[in-house]
Amino acid sequence: MQIATVLSHLESIAPLSYQESYDNAGLLTGQPDWECKGILTTLDTTEAVVSEAAANGCNLIVSHHPLIFSGLKKITGANYVEKAVISAIRQDMAIYAIHTNLDHVPGGVNGRMAECLGLVNTRPLLPLERVLRKLICFVPTANLEQVRQAIFAAGAGHIGHYSECSWAVEGRGTFLGGADTRPFVGKPGLRHEEPEMRLEVILPAWQSGRILRAMIAAHPYEEVAYDLVDLANPHPSVGAGLVGELPEALDERAFLDRLKTVFRTPVIRHTPLSGRPVKTCALCGGAGSSLISNALRANVDFYITADVKYHEFFDANDRLVIADIGHYESEQYTIDLLFDLLREKFPNFAVLKSAIATNPVNYY
Ligand SMILES: [Zn+2]
């Protein structure tokens, strides 16, 4: 199996186009056409993790955090990034980062956190925009079903928990084929009028190529008329952070205890408790201060994230409790998540979890 096969599976779950503009998810070292010998999942890629992968016969590291983030101007081994890059290149180690794109998808980093906490009725805190398109095509009435079916099979027509969503209305199309044409109906050089359906479907922008190819392959016309339009609609299930509910309201201190247990942390930095029970919460794995205003707008009781600065805690304004549980702690289950996603797809392949605790933060 080539490394490309592993990557295309991961990108079918967390497309690279879903990453934030500042991010650097994707293949950072190595080549997609290498034969994959084994996969190691980790939160961070350090030199020790590269050695661990090599010692276990793996040549692909799937890491949540991108080792190379803002670019490298020198590779002299002067810091941990350069050291790990040198070690990876020397040992023909591929490093693949699956970062904010994995945060943004359902069942991703935040989805796994919510699952560990037992949250229900989850949805994105800040849905992504400009990731959906509409395909409008014009199909002879008799061929509507075959084209619609092909479009659905290629991945179009999903809205929330509904699939096979489409809309169609009848009209009349005209065309006049030139001398070199072989029209499906009518004759070259004569204007033809044909009863057609205008078929509309919504689709993820990243799947446009595949869906267009399927539509054109199923369509009987020599030249297919269609419109592909960018939508401003927010994606109902893809976005930053997550909002959910506890099945049963909990006392604030009991909830803090649960956070400590679930995320295995000795300390939580938090704003003053409100005295109200906790029923709704928002969360964002890793540094999530930028979503405090979204959590306030979502009217939740708690916002669980990490890397909150002193002045940002004031932004709670006594309207919710901000709980900073630690960056590593909030994202630790991503190692298991990546392992599960790979193991499920490639059950007989060597997939390992890193045993190295890469958290650089200690508590005393
Ligand atoms: Zn992170």
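Numbering (this note's numbering) for the sequence shown: 34 to 397. Each residue gets a CB set at the ideal place from its N, CA and C atoms; glycine is no exception. Note that the structure is a prediction, hence the values are computed from the model and not measured.
Going by the CB atoms, is the gap between residue j and residue i shorter than 9 Å?
i           : j           : result
residue 172 : residue 126 : no
residue 370 : residue 156 : no
residue 249 : residue 165 : no
residue 353 : residue 316 : no
residue 49  : residue 391 : no
residue 259 : residue 158 : no
residue 319 : residue 349 : no
residue 137 : residue 238 : no
residue 255 : residue 217 : yes
residue 364 : residue 355 : no
residue 375 : residue 82  : no
residue 56  : residue 163 : no
residue 310 : residue 290 : no
residue 192 : residue 129 : no
residue 261 : residue 286 : no
residue 58  : residue 122 : no
Can you tell me where the beta strand (DSSP E) with residue i in it begins and where it stops?
i           : result
residue 336 : 335-339
residue 153 : 153-160
residue 167 : 165-173
residue 278 : 272-283
residue 384 : 384-386
residue 263 : 259-263
residue 91  : That residue, residue 91, is in no beta strand (DSSP E); it is neither H nor E in DSSP.
residue 201 : 200-208
residue 129 : 127-130
residue 72  : 72-75
residue 116 : Note, residue 116: premise wrong, no beta strand (DSSP E); alpha helix (DSSP H) at 113-123.
Check the C-beta distance from residue i over to residue j and give it rounded, since I have them as a contact under 8 Å.
i           : j           : result
residue 201 : residue 177 : 6 Å
residue 118 : residue 62  : 7 Å
residue 358 : residue 337 : 6 Å
residue 133 : residue 240 : Not a contact, Cβ separation roughly 19 Å.
residue 94  : residue 73  : 5 Å
Name the two residues that bound the continuous alpha helix (DSSP H) containing residue i.
i           : result
residue 231 : Element bounds for residue 231: not the alpha helix (DSSP H) but the beta strand (DSSP E), 225-237.
residue 246 : 241-251
residue 181 : 177-186
residue 352 : Here residue 352 belongs to no alpha helix (DSSP H), and DSSP marks it neither H nor E.
residue 40  : 36-46
residue 378 : 367-378
residue 133 : 133-137
residue 149 : 142-150
Let me check you understand the geometry: is the CB of residue i closer than 8 Å to at least one non-hydrogen atom of ligand 3?
i           : result
residue 114 : This structure does not include ligand 3; its bound ligands are ligand 1.
If you measure from each residue's Cβ to the nearest non-hydrogen atom of ligand 1, which ones come out under 7 Å, in chain order? This selection yields 97, 98, 318, 319, 320, 360 and 364.
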